[in-house]
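What follows is a set of notes on a single structure, which appears directly below.
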Amino acid sequence: MEKNLTATFHNVDNLEQAAEQLKQQGVLYIQFNNHSSLLVEYQSESMVQSMEHAAASPSYELRVCVQKSRYRQAEDTITKFGGQLHE
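Quick note, the sequence shown lines up with residues -17 to 69 if you use our numbering.
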């Protein structure tokens, strides 16, 4: 069974660190953006990036799909890097 997580970050570096660690943990899907120009998707082993300069108001959203058994680990990773989880 799969579960989804959504979080926001105020720092793109923290978001990227969290995404990298989540990828190493074997998440099924990662998508993040800053509601303007940054969009990165990771699915299985392929990563597609489209990066431009971030807007002046930093609000970075991260969406993750994980296996249910890895849900708590993903939550801990997100909060470790300063992400705020959303229902």
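By construction, the Cβ of each residue, glycine as well, lies at the ideal position given by its N, Cα and C atoms.
*Per DSSP, Leu10 forms a beta bridge with which residues?*
Leu10 has no beta-bridge partner at all, per DSSP.
*Between which two residues does the beta strand (DSSP E) carrying Lys(-15) extend?*
Where Lys(-15) is concerned, the enclosing beta strand (DSSP E) starts and stops at -16 to -9.
_Is the beta carbon of Leu(-3) closer than 8 Å to that of Leu67?_
With a cutoff of 8 Å on beta-carbon distance, Leu67 and Leu(-3) are scored as not near each other.
_Is the separation between the beta-carbon of Leu10 and that of Cys47 shorter than 8 Å?_
Using a Cβ distance threshold of 8 Å, Leu10 and Cys47 count as a contacting pair.
*Could you please give the first and the last residue of the uninterrupted alpha helix (DSSP H) stretch that includes Glu57?*
Where Glu57 is concerned, the enclosing alpha helix (DSSP H) stretches over 53 to 62.
*Check whether Tyr42 and Phe14 have beta carbons under 8 Å apart*: A distance below 8 Å separates the beta carbons of Tyr42 and Phe14.
*Exposed or buried, what is Gly65 when buried is set at 16 or more other beta-carbons lying within 10 Å of its beta-carbon?*
Answer is buried; the Cβ neighbour count reaches 16.
*Whose CA, out of Met(-17), Leu(-13), Gln(-1), lies closest to the CA of Lys62?*
For the residues Met(-17), Leu(-13), Gln(-1), the minimum Cα distance to Lys62 belongs to Gln(-1).
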